[in-house]
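Residue numbers (my numbering): 610 to 770.
I have placed the structure first, in the form of structure tokens, so that the comments after it can refer back to it.
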């Protein structure tokens, strides 16, 4: 039971990131402009960027050939379903400006839940961070007795009546 709760707690945020198909009724530049404002910089936050600058940003972000021109490869990538959460939290208008200052993040398990083996918890944690590593430029490294970027702790809730 505790193992199931631990797995649900760690993997539930991943499961709730449902793919959102991009708007497909818009054509050409209107589609790109809508995509840019939905997932990166909102219309209110957007400085005055030219169409070419927005396209170059998207091409650089998706590691495509940066031309500033709307080509088939760029459109194909933009039309793929993706998570509906905007990338504004991770990136600014410049893709080099990551939210984390480093790409190798350390994590530490402060204490372990009652009734689960340490090896089981560690295995679940490794699986969870490997999911994030597979879709981000981040690398996660577990540390034992030192400060860490991410600290995890498990607590039992007790109720007094």
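Note that CB positions come from ideal geometry on N, CA and C, so glycine has one too.
Integer Cβ distance of residue i from residue j, believed to fall under 8 Å
i, j, result
"residue 744", "residue 687", "Not confirmed; about 17 Å, so no contact."
"residue 664", "residue 678", "7 Å"
Boundaries of the alpha helix (DSSP H) in which residue i is found, first to last residue
i, result
"residue 675", "Counting along the chain, residue 675 falls outside any alpha helix (DSSP H), and DSSP gives it neither H nor E."
"residue 760", "Note, residue 760: premise wrong, no alpha helix (DSSP H); beta strand (DSSP E) at 759-761."
Rounded separation between residue i and residue j - CA only
i, j, result
"residue 689", "residue 682", "11 Å"
"residue 645", "residue 691", "13 Å"
"residue 739", "residue 676", "33 Å"
"residue 674", "residue 755", "42 Å"
"residue 659", "residue 643", "14 Å"
"residue 742", "residue 733", "14 Å"
Cβ-based burial, residue i [other Cβ within 10 Å; buried from 16]
i, result
"residue 719", "exposed"
"residue 712", "exposed"
"residue 730", "buried"
"residue 668", "buried"
"residue 723", "exposed"
"residue 748", "exposed"
"residue 760", "exposed"
Beta strand (DSSP E) segment containing residue i, residue limits
i, result
"residue 714", "713-718"
"residue 749", "748-751"
Which listed residue (the options) has its alpha carbon closest to that of residue i
i, options, result
"residue 714", "721, 722, 735, 726", "735"
"residue 636", "648, 674, 680", "680"
"residue 757", "662, 716, 726", "716"
"residue 672", "746, 732, 738", "746"
"residue 764", "728, 725, 749, 721", "721"
"residue 753", "727, 737, 661, 670", "727"
"residue 661", "762, 741, 638", "638"
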